[in-house]
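To start, the structure under review is shown below, and the notes come after it.
Residue numbers (my numbering): 313 to 390.
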């Protein structure tokens, strides 16, 4: 078993999206007419970045995935 290294681009995209959501949550100006749209957009980008990271990790060989990482088949998910 080797050391896990995340897919760099997807990992950085996820961090960037998370920081955007944090920025909008903590530093957004409520008087800005686009604040709600920016927050919603940031959350959507965070979800897409998380999905891309999961797909990139799933594409790695099993010995390069994090310990305990298992591919899900989607069965039993409601």
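A virtual CB, placed ideally from N, CA and C, is assigned to each residue, including glycine. Everything numeric in this text was worked out from a predicted model, so none of it was measured.
A Cβ-Cβ distance of about 6 Å is found for the pair residue 326 and residue 362, placing them in contact under the 8 Å criterion. In this structure, residue 365 lies away from residue 332, with their beta-carbon atoms at least 9 Å apart.
Take the alpha-carbon of residue 340 and the one of residue 375: they are about 42 Å apart. Going by C-alpha positions, residue 377 is about 16 Å away from residue 321. Close CB contacts of residue 347 within its chain, under the 6 Å cut and outside five residues either way in sequence, are with 340 (chain order).
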